[in-house]
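Okay, structure first, notes after.
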Amino acid sequence: MRIAVVGASVVASLVVAMFVAAAPSVGLAQRNESSSVRAGGLVALAAAAGEHHQQVTVIDPETRVLSVYHIDLGTGEIVLKSVRNIHWDLQLGVFNGTRPLPLEVQSMLEQK
64 MRIAVVGASV VASLVVAMFV AAAPSVGLAQ RNESSSVRAG GLVALAAAAG
114 EHHQQVTVID PETRVLSVYH IDLGTGEIVL KSVRNIHWDL QLGVFNGTRP
164 LPLEVQSMLE QK
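Everything in the sequence shown is counted per our numbering, starting at 64 for the first residue and increasing by one.
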């Protein structure tokens, strides 16, 4: 069990190190609760997810696929939480919107 925890921690550290090494130079003061890195065509966003987890979101702009991982800060365990192709999501004009909706605003502006 101990070997698995150490192995997961090493893998998580290597992944984070790869993204940090590929990151544009950003001062430590600028890295707050979340950070983003673009490496090899992928975009990675890291943010705290509670006190015991870090959330890493990986986006492949080419295939328009988004993946979300949670990393347990105590054990280093990485859990895939969700994967989604967002191509069709990005085609929506409105979803869960509130009034005035974009078409209503457009209509009001065109009446002037």
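Using N, Cα and C, we set each Cβ at its ideal position, and we do this for glycine too.
In the three-state DSSP reduction, Leu172 falls in the helix class (H, G or I). Per DSSP, the unbroken beta strand (DSSP E) holding Asn148 starts and ends at Ile141 to Asn148. Contact between Val128 and Ser145 is ruled out by a C-beta separation of about 11 Å, above the 8 Å threshold.
Ala111: member of the beta strand (DSSP E) spanning Leu105 to Ala111, first to last residue. In the DSSP assignment, Val121 falls within the beta strand (DSSP E) that extends over His116 to Asp123. Excluding sequence positions up to five before and after Leu143, its CB lies within less than 6 Å of the CB of Tyr132, all in the same chain and listed in chain order. Relative to His150, the option among His115, Pro124, Ala111 and Gly103 whose CA is nearest is Pro124. Take the alpha-carbon of Lys175 and the one of Gln169: they are about 10 Å apart.
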